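All remarks here apply to the structure that follows.
Protein chains: 2
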Amino acid sequence: MTVVVNFNKKLNAQKAPSLDKLIAITAEDLRGVNEVILEQMQSSVLLIPQLAGHIIAAGGKRLRPMLTLSSAGLCGYTENRHIGLAACVEFIHTATLLHDDVVDESDLRRGAATANAVWGNKASVLVGDFLFSRAFELMVADGSLEVLKILSSASSVIAEGEVHQLVTANDTDTTEQDYLEVIQAKTAKLFAAAAEIGAVVSDRPKEEQRKLEDFGDHLGMAFQLIDDVLDYSAQQTTLGKTVGDDFRDGKITLPIVLSFRSGDEKERIFWRRTLEDLEQKKGDFKRAVQYLENSGALIATVERAREYSRKALDSLSIFPDSEHKQALTEAAKFAVERSY
Amino acid sequence: MTVVVNFNKKLNAQKAPSLDKLIAITAEDLRGVNEVILEQMQSSVLLIPQLAGHIIAAGGKRLRPMLTLSSAGLCGYTENRHIGLAACVEFIHTATLLHDDVVDESDLRRGAATANAVWGNKASVLVGDFLFSRAFELMVADGSLEVLKILSSASSVIAEGEVHQLVTANDTDTTEQDYLEVIQAKTAKLFAAAAEIGAVVSDRPKEEQRKLEDFGDHLGMAFQLIDDVLDYSAQQTTLGKTVGDDFRDGKITLPIVLSFRSGDEKERIFWRRTLEDLEQKKGDFKRAVQYLENSGALIATVERAREYSRKALDSLSIFPDSEHKQALTEAAKFAVERSY
Numbered sequence: 000m001t002v003v004v005n006f007n008k009k010l011n012a013q014k015a016p017s018l019d020k021l022i023a024i025t026a027e028d029l030r031g032v033n034e035v036i037l038e039q040m041q042s043s044v045l046l047i048p049q050l051a052g053h054i055i056a057a058g059g060k061r062l063r064p065m066l067t068l069s070s071a072g073l074c075g076y077t078e079n080r081h082i083g084l085a086a087c088v089e090f091i092h093t094a095t096l097l098h099d100d101v102v103d104e105s106d107l108r109r110g111a112a113t114a115n116a117v118w119g120n121k122a123s124v125l126v127g128d129f130l131f132s133r134a135f136e137l138m139v140a141d142g143s144l145e146v147l148k149i150l151s152s153a154s155s156v157i158a159e160g161e162v163h164q165l166v167t168a169n170d171t172d173t174t175e176q177d178y179l180e181v182i183q184a185k186t187a188k189l190f191a192a193a194a195e196i197g198a199v200v201s202d203r204p205k206e207e208q209r210k211l212e213d214f215g216d217h218l219g220m221a222f223q224l225i226d227d228v229l230d231y232s233a234q235q236t237t238l239g240k241t242v243g244d245d246f247r248d249g250k251i252t253l254p255i256v257l258s259f260r261s262g263d264e265k266e267r268i269f270w271r272r273t274l275e276d277l278e279q280k281k282g283d284f285k286r287a288v289q290y291l292e293n294s295g296a297l298i299a300t301v302e303r304a305r306e307y308s309r310k311a312l313d314s315l316s317i318f319p320d321s322e323h324k325q326a327l328t329e330a331a332k333f334a335v336e337r338s339y
Numbered sequence: 000m001t002v003v004v005n006f007n008k009k010l011n012a013q014k015a016p017s018l019d020k021l022i023a024i025t026a027e028d029l030r031g032v033n034e035v036i037l038e039q040m041q042s043s044v045l046l047i048p049q050l051a052g053h054i055i056a057a058g059g060k061r062l063r064p065m066l067t068l069s070s071a072g073l074c075g076y077t078e079n080r081h082i083g084l085a086a087c088v089e090f091i092h093t094a095t096l097l098h099d100d101v102v103d104e105s106d107l108r109r110g111a112a113t114a115n116a117v118w119g120n121k122a123s124v125l126v127g128d129f130l131f132s133r134a135f136e137l138m139v140a141d142g143s144l145e146v147l148k149i150l151s152s153a154s155s156v157i158a159e160g161e162v163h164q165l166v167t168a169n170d171t172d173t174t175e176q177d178y179l180e181v182i183q184a185k186t187a188k189l190f191a192a193a194a195e196i197g198a199v200v201s202d203r204p205k206e207e208q209r210k211l212e213d214f215g216d217h218l219g220m221a222f223q224l225i226d227d228v229l230d231y232s233a234q235q236t237t238l239g240k241t242v243g244d245d246f247r248d249g250k251i252t253l254p255i256v257l258s259f260r261s262g263d264e265k266e267r268i269f270w271r272r273t274l275e276d277l278e279q280k281k282g283d284f285k286r287a288v289q290y291l292e293n294s295g296a297l298i299a300t301v302e303r304a305r306e307y308s309r310k311a312l313d314s315l316s317i318f319p320d321s322e323h324k325q326a327l328t329e330a331a332k333f334a335v336e337r338s339y
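Just so you know, the protein sequences line up as chains A and B, in that order.
According to numbering that gives the first Met the number 0, the stretch in the first sequence is residues 0 to 339, in order.
According to numbering that gives the first Met the number 0, the stretch in the second sequence is residues 0 to 339, in order.
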């Protein structure tokens with residue numbers, strides 16, 4: 000794991016960028032978002048708040064709602080519609096996670112048991128449907144057809160991307176283009192929508208709306224690519240994620256696509272056996288990591304992520320300097336330079 | 000099966016009511032609905048139109064979109080928004096069916112293999128999500144916040160009902176009240192929304208909107224109750240459904256609730272073994288049918304359905320006579336008097 004470790008060491012020496020600024024600047028609004036979430040996931044059918052509470056409380060970074068909140072802040076928004084809409088974004092994300100974990104048959108998410116591991120696949124599918132519907136109810140209550148358009152379109156693109164990923168799963172013929180399309184749909188689209196909504200509620204000119212959409216899109220790409228790298232390098236305990244999950248599931252992420260492309264016949268046979276046929280034995284994961292490092296695939300993936308991060312920063316250039324701009328700037332740097 | 004068979008015989012002698020009028024009067028509009036459905040389920044990810052096409056083409060009666068179309072007709076609507084909105088209703092219904100079949104682990108629907116049996120649970124979950132999102136995109140394109148409110152609220156009630164059903168599954172303590180709540184949410188709510196939308200697009204007074212909502216609600220209840228009865232009586236070949244599915248899954252439907260309530264200890268032990276513990280052996284289904292007939296539970300369920308059908312007819316009373324009114328009237332009679 001030399002490549003990635005060196006890269007992290009270098010960063011630590013420089014004082015690594017973090018999400019701290021973004022977290023601090025959205026903290027008060029985010030409390031409001033959490034209240035809306037708690038209130039809106041209630042139901043007399045107690046399994047709903049139980050299961051939803053489990054996955055929502057398990058937390059994660061709340062990156063998407065923070066993006067809506069800070070984008071609104073960047074646009075000088077002073078009212079409170081962004082709070083409810085940030086909750087909608089998190090509901091859509093949570094519904095997607097619930098269905099994702101069913102599809103991936105995952106047992107762990109951020110170090111905790113997944114909802115499907117605790118309550119079963121059926122409950123996860125149905126509570127996901129509930130949260131998704133509730134998100135639309137909340138948007139309707141907000142009353143903006145423009146927001147509804149952005150988030151309904153994002154939702155169908157996400158679902159389309161999920162199906163696309165399912166179809167290309169375990170297929171070593173997946174191209175870089177295929178892969179980028181999948182994560183653009185699966186991950187980047189909701190980041191883009193989350194950021195765009197901040198501009199929409201602020202009633203800012205179309206150009207600012209487009210720039211924030213682009214910012215979210217590029218940020219989402221950078222985050223996802225680094226997630227894919229971390230699955231082959233970080234420690235489970237710090238990531239709160241089973242390292243090697245993607246490998247075990249035979250997921251064809253960018254590091255694999257790049258390594259497969261440049262690999263010799265022996266390596267390709269290895270990837271086909273382990274990822275297509277899912278015939279894996281002891282020592283295979285270690286060997287996979289070696290191939291990925293030797294081929295430069297991990298560092299090349301980080302490089303792609305850096306490019307998206309740079310594009311994200313460019314998208315912010317039309318906005319005057321502000322605390323929100325600094326917070327979003329640091330978030331875009333953090334996306335590629337996090338060591339956990 | 001004497002009770003139900005006699006009941007059918009009597010009907011056949013009287014010339015049974017049918018859906019023929021409703022089908023005929025909505026035929027042209029329904030072609031439009033089918034075109035919208037076909038167009039909107041397209042995607043470059045080919046599994047989506049394949050899987051969606053399978054379940055949508057398998058057909059079913061298209062009762063919910065017909066309800067929207069005929070309700071609009073009843074209200075004298077002459078434009079074409081009802082076409083796209085009827086397609087939304089069918090998409091929401093189809094998404095629910097896809098997830099339902101995953102949750103119920105069903106292999107057959109209307110005599111054909113279920114999508115999950117052909118393409119697997121994962122694909123069914125994700126394509127369901129896609130159709131659901133696509134429904135909201137279509138509604139947004141229509142542009143009525145009132146319609147969006149009705150259908151987003153219906154969707155979350157449906158999901159809540161599905162979770163409620165999951166929680167009470169295999170529980171012989173389920174009360175009649177519990178059961179009616181579940182089917183009101185799971186089935187009747189979308190019927191109600193489908194009919195209400197017909198009045199909304201026609202811009203009719205609130206009272207007519209409420210009456211059509213009530214009509215749909217009562218009609219949905221009647222249909223579901225008779226479906227529950229038919230699962231213990233009709234022939235698989237004519238119903239296109241595996242008879243005894245509910246029994247095999249341990250579903251606690253109204254016939255079971257009523258029979259359990261009136262049964263002696265021997266019967267209760269039987270229901271607990273077969274439906275709670277799912278320990279079923281040869282001859283159990285036949286015995287279940289006998290208990291249901293001897294206790295009068297099937298006929299009592301049909302009686303409840305008749306009551307809902309009568310209420311549905313009452314809800315139409317404020318509308319002047321018309322072909323649409325006759326078609327909807329016959330549909331409400333058909334709901335309880337169908338022999339397949």
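Virtual Cβ for every residue (Gly too), placed ideally from N, Cα, C.
Computed from a predicted model, the values in this text were never measured in an experiment.
- Contact residues of the stretch 149 to 169 of chain B toward chain A are Ser151, Ser152, Ser154, Ser155, Ala158, Glu159, Glu161, Val162, His163, Leu165 and Val166 (C-beta to C-beta distance below 7 Å).
- Any Cβ of chain A closer than 7 Å to the Cβ of Ile251(B) would place that residue at the interface, and such an atom is absent.
- For a Cβ distance threshold of 7 Å, nothing in chain A lies close to Ala299(B): the least Cβ distance comes to about 27 Å.
- For Ala122(A), the C-beta contacts it makes with chain B under 8 Å involve Val162 and Leu165, in order along the chain.
- Residue range Glu264 to Trp270 is occupied by the alpha helix (DSSP H) that includes Glu264(B).
- What Glu136(B) touches in chain A, judged by beta-carbon distance under 7 Å, is Ser151, Ser152 and Ser155, going in chain order.
- Contacts between Ile47(A) and chain B, judged by CB atoms closer than 8 Å, involve Glu159 and Val162 in chain order.
- Using a 10 angstroms sphere on the CB of Ile55(B), the tally of other CB atoms reaches 16 or more, which defines it as buried.
- Taking a beta-carbon distance threshold of 7 Å, Arg133(A) counts as an interface residue toward chain B.
- Between the stretch 182 to 195 of chain B and the stretch 216 to 234 of chain B, the count of C-beta pairs closer than 8 Å reaches three or more; the two stretches touch.
- The beta carbon of Ala15(A) lies closer than 8 Å to those of Phe333, Glu336, Arg337 and Ser338 in the same chain, with the five residues before and after it left out.
- Not a single C-beta of chain A is nearer than 7 Å to the C-beta of Asp100(B).
- Within the stretch 192 to 251 of chain B, complete alpha helix (DSSP H) segments of at least 4 residues are found at 205 to 229, 235 to 238 and 244 to 248, given in chain order.
- Membership of Ile24(A) in the alpha helix (DSSP H) is indicated by the continuous run Asp19 to Gln39.
- For Cys74(A), there is no enclosing alpha helix (DSSP H), as DSSP gives it neither H nor E.
- A straight line joining the alpha-carbon of Thr25(A) with that of Met65(A) spans about 6 Å.
- Under the three-state reduction of DSSP output, Leu107(A) falls in the strand class.
- Annotated as distal: Glu292(B) and Thr171(B), with beta-carbon spacing of 7 Å or more.
- Per DSSP, reduced to three states, the secondary structure at Ala112(A) is strand.
- The residue from Pro204(A), Gln39(A), Gly127(A) and Asp177(A) with its alpha-carbon nearest to that of Ile317(A) is Pro204(A).
- Between the stretch 130 to 145 of chain A and the stretch 103 to 112 of chain A there are fewer than three inter-stretch CB-CB distances shorter than 8 Å, so the stretches are not counted as touching.
- For Phe190(B), no CB of chain A lies under 7 Å from its own CB, so it is not counted at the interface with that chain.
- Residue range Leu144 to Thr167 is occupied by the alpha helix (DSSP H) that includes Thr167(A).
- Within the stretch 30 to 54 of chain A, the residues whose Cβ lies closer than 9 Å to some Cβ of chain B are Ser42, Ser43, Val44, Leu45, Leu46, Ile47 and Leu50, listed in chain order.
- For the C-beta of Val126(A), the chain B residues within less than 7 Å are, from N- to C-terminus, Val162.
- By the Cβ criterion, the stretch 155 to 173 of chain A is not in contact with the stretch 146 to 161 of chain B, since fewer than three pairs of Cβ atoms, one from each stretch, lie closer than 8 Å.
- In the DSSP assignment, Arg133(B) falls within the alpha helix (DSSP H) that extends over Asn120 to Asp141.
- Distance between Ser321(A) and Phe214(A), taken at the CA atoms: about 16 Å.
- Residues of the same chain with a CB within less than 6 Å of the CB of Arg303(A), apart from the 5 flanking positions on each side, are Leu224 in chain order.
- Glu180(B) and Ala311(A) have their C-alpha atoms spaced approximately 49 Å apart.
- In the structure shown, Ile317(A) adopts coil according to DSSP, grouped into three states.
- In the structure shown, Thr174(B) adopts coil according to DSSP, grouped into three states.
- Put simply, the backbone Cα of Ala114(B) is about 47 Å away from that of Lys20(A).
- The Cβ of Leu147(B) sits closer than 7 Å to at least one Cβ of chain A.
- For Pro48(A), the closest C-alpha among the options Glu264(A), Asp283(A), Ala122(A) and Ala111(A) is that of Ala122(A).
- Chain-order list of chain B residues neighbouring Phe129(A): Ser155, Ala158, Glu159 and Val162, by C-beta distance under 7 Å.
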